[in-house]
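**Q** Handing you a structure now.
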Amino acid sequence: MKRCRTWRKNIPAAIYGELDAKTREKLERHLALCEECSGLYAGMAATVRKLDVRPAPDAPPQFWEGYWDRLERRMVSEAERKALPAAEPFRPRRAFSAPRWAYGAAGALMFLALGIFIGRNLLRPPEQSIVVTRAVPLGAVPGGQTALDAGTIPRPLPVRASHYLKRSRVLILAVVNSNLQTEDFLSLSLPLQKKTSEELMIEAAALKKEIGSSDRRLERLISDLELILLQIANLKSDPDGSDIEIIKAGVESRDILFKIKLNEARSSIAKSTAGLAPGPRSDSLDRAIV
Amino acid sequence: MSRRDEARWADRLIAGDPSAFRDFVEAYKRKVYGLAYEMTRNHSDAEDISQVAFMKVHRSIGTIRPGRGLNTWLYQIVYNTAIDHIRKRSFYPQGALPSLASEPHFDGPPDPGAGPEKAAEAACLRRRIDEALTKVSERERAVFILRHYHDLKLKEIAQSLGVTLGTAKSYLFRSLRKIQKELSEAEACPDHGDRP
Ligand SMILES: [Zn+2]
């Protein structure tokens, strides 16, 4: 019969109860008329019934007991392998996949460390300047600041930029890893994170001005960061998963965590190849701190 | 998993709840391992595939979108990981999979209500089915396993394997036909009467 082929393809679907009532009825009508197809149906249905004797594969209980531990160990070691020290030579993108794994779990371990780190570093006021007892004026400072105001001089731009990027990174990781369910998060972490975001945004504006055209890449990164920081600062006091998701998507689409990592690698290479001189246009600043 | 379960898991994973991933692993490890095992017939390969699949799941949490089928997403990852693994190891040539029966823990729990004869008969039939499954191609087998043992709808299976619904239906038809043929051609198990 001409339509047998079409009907046959639907026989397994019928056996597994996937046909809608109308199609099923049509199939039944065909089976009533077509001996060949009805024989096929009967044989296949009998086969499926026989399969009941074979349970789904399973492993012994002791295998399952240690399953998570083995998986976690492997995840941690893969993460360690991938998160290379910053001074290592550049690798293609994949080598720095820290942002992705950091999003959750190798994670569970890292989370604790992160919490401690946030407490110690992120929430401490930014080290914008250091006190010097004897400053050596050495000409113009980019951004028009004078080095000797009130006995303090600004830290070199690259140092501040790097510190700024680190704090931003820690903040972003903390936010995207937030456990929205906990009271601690809503009453303690979130308000602090929002406040830190605001501070970092103010700092970003100043940094961008100073960087100017000397490092376009860094300037763009800070601009991208500003958008994310703004989203964090504007988070409502009881954010849900989709609010965090939007931030996460922004971070990912701009590859922000990777770029921060890259910047760290760049500056540490600059340091290792040129002694302490960190980057363009900062020599005068460096000398000023001696 | 039901639609509601899927949505619940998706929300928890997206929210970055640190315990969500571990709970997810605990909830789905058997399914993930099960498919990997059926695809390779080897315990350590199955564990390796399941671990790699879960690591991919973890890395891809950012790609979960609320409302998108988590089931399909998960099985797609597992299936592709298994296929990669098989290709990479250029594994067994088609049709030369070792029989499941060689793995002792796969005999399944004995039915306490059945007598020794019945149990022997069931074990024999299980072996026949295992052998029949080795004659089925990877894709056909995956479709059959996902439909029969994992209770996925054909539409979900099609999405997981990246094929059309019609193709998934054909694979299921062909796999069942092959199993049927193999069982009818195999030597009958004692007193089961499964010969035609
Ligand atoms: Zn017909």
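Same order as they appear, the protein sequences are chains W and V.
So for the first sequence, the numbering used here puts the first residue at 49; every next one is plus one.
So for the second sequence, the numbering used here puts the first residue at 76; every next one is plus one.
Cβ coordinates follow ideal geometry from the N, Cα and C atoms, glycine included.
1. Can you tell me the Cβ-Cβ gap for residue 218 (chain W) and residue 241 (chain W), rounded? I've got them flagged as a contact below 8 angstroms.
2. Starting from residue 106 (chain V), trace the alpha helix (DSSP H) both ways and give me its first and last residue.
3. Just tell me which of W:298, W:314, W:83 and W:80 has its CA closest to the CA of residue 278 (chain W).
4. For chain V, is any of its Cβ atoms less than 8 angstroms away from the one on residue 129 (chain W)?
5. Check the Cβ of residue 104 (chain W) against every Cβ in chain V and list those closer than 7 angstroms, keeping chain order.
6. For residue 107 (chain W), would you say it is in contact with chain V, using Cβ-to-Cβ distances shorter than 8 angstroms as the test?
7. Which stretch, first to last residue, makes up the alpha helix (DSSP H) that contains residue 243 (chain W)?
8. From what residue to what residue does the alpha helix (DSSP H) around residue 160 (chain V) run?
9. Given a threshold of 16 other Cβ atoms within 10 Å of its Cβ, counted over all protein chains shown, does residue 239 (chain V) qualify as buried or as exposed?
10. At 9 angstroms on the CB atoms, spell out the chain W contacts of residue 234 (chain V), in chain order.
11. Could you give the residue range of the alpha helix (DSSP H) that holds residue 218 (chain W)?
12. With distances taken Cα to Cα, identify the nearest neighbour of residue 142 (chain V) among V:86, V:231 and V:229.
13. On a Cα-Cα basis, can you pick out the residue from W:56, W:267 and W:276 that is closest to residue 74 (chain W)?
14. For the stretch 140 to 160 of chain V, enumerate the residues whose C-beta is nearer than 7 angstroms to any C-beta of chain W, in chain order.
15. Cutting at 7 angstroms between CB atoms, please list the residues of its own chain near residue 72 (chain W), excluding the five before and the five after it.
16. Rounded to whole angstroms, what is the Cα-Cα separation between residue 96 (chain W) and residue 248 (chain V)?
17. Can you find a C-beta in chain W that's less than 8 angstroms from the C-beta of residue 245 (chain V)?
18. Return the first residue and the last residue of the alpha helix (DSSP H) that residue 69 (chain W) is part of.
19. Can you give me the start and stop residues for the alpha helix (DSSP H) that residue 109 (chain W) sits inside?
20. Output the distance between the C-alpha atoms of residue 160 (chain V) and residue 123 (chain V), rounded to the nearest integer angstrom.
21. So which residues of chain W does residue 86 (chain V) contact, with C-beta pairs closer than 8 angstroms?
22. So what does DSSP say about residue 123 (chain W), is it helix, strand or coil?
23. Can you tell me which of W:312, W:59, W:84 and W:205 puts its alpha carbon nearest to the alpha carbon of residue 251 (chain W)?
24. Exposed or buried, what is residue 115 (chain V) when buried is set at 16 or more other beta-carbons lying within 10 Å of its beta-carbon?
25. Helix, strand or coil, according to DSSP, for residue 259 (chain V) in the structure here?
26. Mind checking residue 234 (chain V): buried by the 16 CB within 10 Å criterion, or exposed?
27. Have a look at residue 226 (chain V) and residue 111 (chain V) and give me their C-alpha separation to the nearest angstrom.
28. Relative to the alpha-carbon of residue 220 (chain W), which residue among W:255, W:276, W:243 and W:258 has its alpha-carbon at the smallest distance?
29. Which of the three DSSP states is assigned to residue 101 (chain W) in this structure?
30. Out of V:90, V:259, V:127 and V:244, state which residue places its alpha-carbon closest to the alpha-carbon of residue 53 (chain W).
31. Name, going along the chain, the residues of the stretch 92 to 107 of chain V whose beta-carbon falls closer than 7 angstroms to a beta-carbon of chain W.
32. Are there 16 or more other CB atoms within 10 angstroms of the CB of residue 110 (chain W), so buried, or fewer, so exposed?
33. Along chain W, which residues have their Cβ under 7 angstroms away from the Cβ of residue 113 (chain V)?
34. Taking only beta carbons into account, state which residues of the stretch 71 to 92 of chain W come closer than 7 angstroms to chain V, listed in chain order.
35. Can the beta-carbon of residue 257 (chain W) be found less than 8 angstroms from the beta-carbon of residue 270 (chain W)?
36. Any beta-carbon of chain W closer than 8 angstroms to the one on residue 137 (chain V)?
**A** Let me spell this out:
1. Position 170 of the first sequence, counted from the start, is the residue given in the question as residue 218 (chain W). Position 193 of the first sequence, counted from the start, is the residue given in the question as residue 241 (chain W). Taking a contact as a CB-CB distance under 8 angstroms, the pair residue 218 (chain W) and residue 241 (chain W) does not count as one, their CB atoms being some 10 angstroms apart.
2. Taking the second sequence and counting its residues from 1, the one referred to as residue 106 (chain V) is at position 31. Run containing residue 106 (chain V): 93 to 115, per the alpha helix (DSSP H) assignment.
3. Walking along the first sequence from the start, residue 278 (chain W) turns up at place 230. Here the closest residue by C-alpha is W:298.
4. Translated into the one-based positions of the first sequence, residue 129 (chain W) becomes position 81. Not one chain V Cβ lies under 8 angstroms of residue 129 (chain W).
5. Here residue 104 (chain W) corresponds to residue number 56 of the first sequence, with the count starting at 1. Within chain V, the C-beta atoms nearer than 7 angstroms to that of residue 104 (chain W) come from 109 and 224, in chain order.
6. Along the first sequence, one-based indexing puts residue 107 (chain W) at 59. The beta carbon of residue 107 (chain W) falls within 8 angstroms of a beta carbon belonging to chain V, placing the residue at that interface.
7. The residue given as residue 243 (chain W) occupies position 195 in the first sequence. Start and end: 238 to 259.
8. Here residue 160 (chain V) refers to the residue found at position 85 of the second sequence. Start and end: 145 to 163.
9. Position 164 of the second sequence holds residue 239 (chain V). Residue environment analysis places residue 239 (chain V) among the exposed positions, since fewer than 16 neighbouring C-beta atoms fall within 10 angstroms of its C-beta.
10. Residue mapping note: residue 234 (chain V) aligns to position 159 of the second sequence, counting from 1. What residue 234 (chain V) touches in chain W: nothing, since even the nearest Cβ is about 15 angstroms away.
11. Within the first sequence, numbered from 1, the residue matching residue 218 (chain W) stands at position 170. Looking at the DSSP string, the run of the alpha helix (DSSP H) that includes residue 218 (chain W) is 205 to 224.
12. On the second sequence, position 67 is the one that residue 142 (chain V) refers to. Comparing Cα positions, the closest option is V:86.
13. As a position in the first sequence, residue 74 (chain W) is number 26, starting the count at 1. Proximity to residue 74 (chain W) across W:56, W:267 and W:276 peaks at W:56, based on C-alpha coordinates.
14. For the stretch 140 to 160 of chain V, the beta-carbon criterion of a distance under 7 angstroms to any beta-carbon of chain W is satisfied by 141.
15. For this step, residue 72 (chain W) is matched to residue 24 along the first sequence. Cβ within range, chain order: 62.
16. Here residue 96 (chain W) refers to the residue found at position 48 when the first sequence is read from its first residue. Here residue 248 (chain V) refers to the residue found at position 173 when the second sequence is read from its first residue. Distance from the CA of residue 96 (chain W) to the CA of residue 248 (chain V), rounded to the nearest whole angstrom, comes to 11 angstroms.
17. Position 170 of the second sequence, counting from 1, holds the residue named residue 245 (chain V). Residue 245 (chain V) belongs to the set of residues whose beta carbon lies under 8 angstroms from a beta carbon in chain W.
18. The residue you call residue 69 (chain W) lines up with position 21 of the first sequence. Note, residue 69 (chain W): alpha helix (DSSP H), 69 to 81.
19. Start at 1 with the first residue of the first sequence, and residue 109 (chain W) comes out as number 61. Unbroken alpha helix (DSSP H) run through residue 109 (chain W): 109 to 113.
20. In the second sequence, counting from the first residue as 1, residue 160 (chain V) sits at position 85. In the second sequence, counting from the first residue as 1, residue 123 (chain V) sits at position 48. Distance between the alpha carbons of residue 160 (chain V) and residue 123 (chain V) is about 9 angstroms.
21. In the second sequence, residue 86 (chain V) corresponds to position 11, counting from 1. Chain W residues near residue 86 (chain V): 289.
22. Residue numbering aside, residue 123 (chain W) sits at position 75 when the first sequence is read from its first letter. In this structure, residue 123 (chain W) counts as helix in the three-state DSSP scheme.
23. Walking along the first sequence from the start, residue 251 (chain W) turns up at place 203. Answer by Cα proximity: W:205.
24. Here residue 115 (chain V) is taken as the residue at index 40 of the second sequence, counted from 1. Residue 115 (chain V) sits buried, since 16 or more C-beta atoms from the chains shown fall within 10 Å of its C-beta.
25. Locating residue 259 (chain V) in the second sequence gives position 184, counting from the first residue. In this structure, DSSP gives residue 259 (chain V) a helical state, which the three-state scheme calls helix.
26. Start at 1 with the first residue of the second sequence, and residue 234 (chain V) comes out as number 159. The residue is buried, with at least 16 neighbouring Cβ atoms inside 10 Å.
27. Within the second sequence, residue 226 (chain V) is the residue found at index 151, counting from 1. Within the second sequence, residue 111 (chain V) is the residue found at index 36, counting from 1. A direct Cα-to-Cα measurement between residue 226 (chain V) and residue 111 (chain V) gives close to 16 angstroms.
28. Residue numbering aside, residue 220 (chain W) sits at position 172 when the first sequence is read from its first letter. Ranking the options by Cα distance to residue 220 (chain W), first place goes to W:276.
29. Within the first sequence, the letter at position 53 stands for residue 101 (chain W). Secondary structure at residue 101 (chain W): helix, using DSSP grouped into helix, strand and coil.
30. In the first sequence, counting from the first residue as 1, residue 53 (chain W) sits at position 5. Selected option, being the one with the closest Cα: V:244.
31. From the stretch 92 to 107 of chain V, only 92, 93, 96, 97, 100, 101, 104 and 105 have a Cβ closer than 7 angstroms to chain W.
32. Here residue 110 (chain W) is taken as the residue at index 62 of the first sequence, counted from 1. So residue 110 (chain W) counts as exposed.
33. Translated into the one-based positions of the second sequence, residue 113 (chain V) becomes position 38. Going along chain W in sequence order, the residues near residue 113 (chain V) (Cβ under 7 angstroms) are 105.
34. Cβ contacts with chain V come from 91 and 92.
35. The residue you call residue 257 (chain W) lines up with position 209 of the first sequence. The residue you call residue 270 (chain W) lines up with position 222 of the first sequence. No.
36. Within the second sequence, residue 137 (chain V) is the residue found at index 62, counting from 1. At least one beta carbon of chain W lies nearer than 8 angstroms to the beta carbon of residue 137 (chain V).
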